[in-house]
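A.B. asks: Residue numbering for the sequence shown is 8 to 275, as defined by the working numbering. Quick one: this structure, given as structure tokens, is what I'll be asking you about.
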Amino acid sequence: MMRKLLEGKKGIVTGVVNHRSIAWEIARHLAEEGAEIGFTYRRERKWVEKLAGSIGADFIEPCDVQDDQQIRQVCDKFAERFGGIDFIVHAAAYADGEELQAGVINTSRDGFLRTLDVTAYSIVPFCHYARPYFRPGASVLALSYLGSNRVCAGYNVLGIAKSALETTCKYLAADLGPEQVRVNVISAGPIRTLAAFGLPNFKEMVEKRANQSPLRRNVTQEDVAKAALYLMSDLASGTTGEVMYVDAGYNIMGTWADSEVGSAMVQG
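What follows is the structure, encoded as structure tokens:
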């Protein structure tokens, strides 16, 4: 029988809220390839417990990612039970809905700092407290979005936080590289998740992206999970500090991607 890609690997997945969560689809794919998974939650234990049970996982721990002590406890407990840590999926993110709609110029100091803390900084203590337990070849994965380096309507302070997250991951990759621990980011296209529906004009954005992407479609949770599976496996043993776009190619397109704009340029 062919050995599964993640057979014998054990790791932690954060950020699962419900069955639509990108983090959940990643966890499901990792489990199908032999990984043993522990989950963290903040308020959604009922959902997480049900989903975890469907893949035979029973390590489910509360974790407020703004609380270093809780992060440390999760890492300690997981390593004690499983003997080490082979991967971490960081999918925690937060932004106040009203402030997202109000624009960056109206973002409060508290809102700005909390968004940065949850979305970007929290990966640092996870790596710090997991570091003694990382096994050679371990992999850390964070989730981002194009709004990290381009202005995307309605993304606002989350874009700033995702930009910080991507850069943080590059520095973590440099810090952990000598220990053969890899850190990468997936920048996914817009996907219909619970968090996404909180963004202004999300439906219109999804339709526009599908029309302008080279593949002429939007990506799905499964598309992202397949890329994550690659990055978490030994197939990506030489890849670290990278931001991988899984967005049907939208990030490569210029303004001519809009057929109306392109037509006007040709005619004018």
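For every residue, glycine included, the Cβ atom is placed at its ideal position computed from N, Cα and C. None of these values were measured; they are calculated from a predicted model.
Assign Ala264 to one of three DSSP states: helix, strand, or coil.
C.D. replies: Unreliable positioning characterises Ala264 in this predicted model, as indicated by a pLDDT of 45, which lies under 50. A coordinate reading is not provided.
A.B. asks: State the DSSP-derived secondary structure class of Pro197, mapped to helix, strand or coil.
C.D. replies: coil
A.B. asks: Have a look at Thr122 and Val20 and give me their C-alpha separation to the nearest angstrom.
C.D. replies: Between the alpha carbons of Thr122 and Val20 lies a distance of about 20 Å.
A.B. asks: May I have a chain-ordered list of the beta strand (DSSP E) segments no shorter than 3 residues that lie completely inside the segment 83-153?
C.D. replies: 92-97 and 141-151
A.B. asks: I'd like the list of long-range same chain contacts for Ala271, defined as Cβ closer than 7 Å, with 5 residues on each side in sequence excluded.
C.D. replies: Because the pLDDT at Ala271 is just 36, under 50, the model does not fix this residue reliably, and the value given afterwards should be weighed accordingly. There are no such residues.
A.B. asks: Quickly, what does DSSP pair Lys210 with across the bridge? List them, please.
C.D. replies: In the DSSP output, where bridge partners are listed per residue, Lys210 has none listed.
A.B. asks: Less than 8 Å between the CB atoms is what I'm expecting for Ser146 and Arg189, so what's the real figure, rounded?
C.D. replies: 5 Å
A.B. asks: Pop quiz: Pro143 and Gln187 are said to be a contact at Cβ under 8 Å. What is the actual Cβ separation, rounded to whole angstroms?
C.D. replies: 4 Å
A.B. asks: Report the start-end ranges of each beta strand (DSSP E) in the segment 222-267 that is 3 residues or longer and not cut off at the edges.
C.D. replies: The qualifying runs are 250-253.
A.B. asks: What would DSSP say about Met272, mapped onto helix, strand or coil?
C.D. replies: Low local confidence applies: a pLDDT of 34 at Met272 is under 50, so the model's placement there is unreliable, with the coordinate-based value given in what follows. Reduced to three states, the DSSP call for Met272 is helix.
A.B. asks: Which residue's Cα is closest to the Cα of Glu43: Gly91, Lys169 and Gln108?
C.D. replies: Gly91
A.B. asks: Straight-line CA distance for Leu172 to Thr126?
C.D. replies: 7 Å
A.B. asks: Can you find the residues in the same chain that come closer than 7 Å, C-beta to C-beta, to Cys328, ignoring five residues on each side of it along the sequence?
C.D. replies: Given that the chain is displayed from residue 8 to residue 275, the structure contains no residue 328 and the question cannot be resolved.
A.B. asks: Could you please give the first and the last residue of the uninterrupted alpha helix (DSSP H) stretch that includes Glu173?
C.D. replies: Asn163 to Leu183
A.B. asks: Just the C-alpha distance for Val226 and Val213, rounded to the nearest angstrom, thanks.
C.D. replies: 10 Å
A.B. asks: Please name the residue in Gly60, Val111, Ile78 and Ser61 whose C-alpha comes closest to that of His97.
C.D. replies: Ile78
A.B. asks: Does the count of Cβ pairs from the segment 57-72 and the segment 34-49 closer than 8 Å reach three?
C.D. replies: Contact holds: three or more Cβ-Cβ distances are below 8 Å.
A.B. asks: With burial defined as no fewer than 16 other Cβ atoms inside 10 Å of the residue's Cβ, what is the status of Glu14: buried or exposed?
C.D. replies: Exposed, since its Cβ has fewer than 16 Cβ neighbours within 10 Å.
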